[in-house]
Every structure is written in structure tokens, then in C-alpha cells.
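A.B. asks:
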Amino acid sequence: MVFSNPYMLWLLPLALLPLVFQRAHSKHYSWLSMLPADPLSNLIGLILKILAVCILASIIFGLGAPHSRQQEVERIGVGAQIGLVLDRSASMDDPFS
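Heads up: take any position in the sequence shown, counting from 1, add 187, and you land on this note's numbering.
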């Protein structure tokens, strides 16, 4: 696999930013120990962060424009052959009405 823009791959560490930053909480509590533990919300938050990392990595990877090297494939076909003829002359543009 070859990249048209390989310098874009230097941005891949930026995809880890969702794991570094914490979201701002809308409610403030004077004592966090009063809040009950919520493992389901923690799991959902972790899954969403991992999903965000995957999406950012895919976008950065796509900006690198990956493609495969040129290859020659010889194909021998037997059967119907199709020919396409295009006529752009003035007589074909006349609506004949």
C-alpha cells in the first residue's frame, strides 16, 4: 500500500486526544463520594471514546490517500463483444419536428 500524502500520517497521534481529555460535567457536587458508582455509564463513556479514536484515525488515514501500486492483469474473454458508437454530428442534434 502506498500513500499519496504520507505526511498526513504524522497526525495519527492526534487521534488519541479523546482518551486524554475529560468532558466537562454540567452538574457540580460538593462531595463526589456522595454520588453512587455507575459502571454502565463508565463503560458507555469508554466505548464512545474508543469509537471517537477509531473515527479520527480513519479520517486521518483517509487523508493520507492510500492506494495500491499499479498492476497489470491480462484477461482473455470469450463471448459477446460490445461496441459503443457516439455520433455528435449536427444531424443528430436536429429534433426533426
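We put the CB at the ideal spot given by N, CA and C, even for glycine.
#1: Give the list of continuous alpha helix (DSSP H) stretches no shorter than 4 residues that lie fully inside the segment 228-277.
#2: Would residue 277 pass as a contact of residue 243 if the rule is Cβ separation under 7 angstroms?
#3: Within a Cβ cutoff of 6 angstroms, which residues of the same chain sit near residue 239, ignoring the five residues on either side of it in sequence?
#4: Quick one: what's residue 189 bridged to in DSSP?
#5: Between the beta-carbon of residue 195 and the beta-carbon of residue 251, is there less than 7 angstroms?
C.D. replies: Looking at the atomic coordinates:
#1: DSSP runs (the alpha helix (DSSP H)) wholly in the segment 228-277: none.
#2: In this structure, residue 243 does not lie closer than 7 angstroms to residue 277 by Cβ.
#3: Within the same chain, residue 239 has close Cβ partners 205.
#4: Per DSSP, 254.
#5: Yes; because the gap between Cβ atoms is below 7 angstroms, this pair is in contact.
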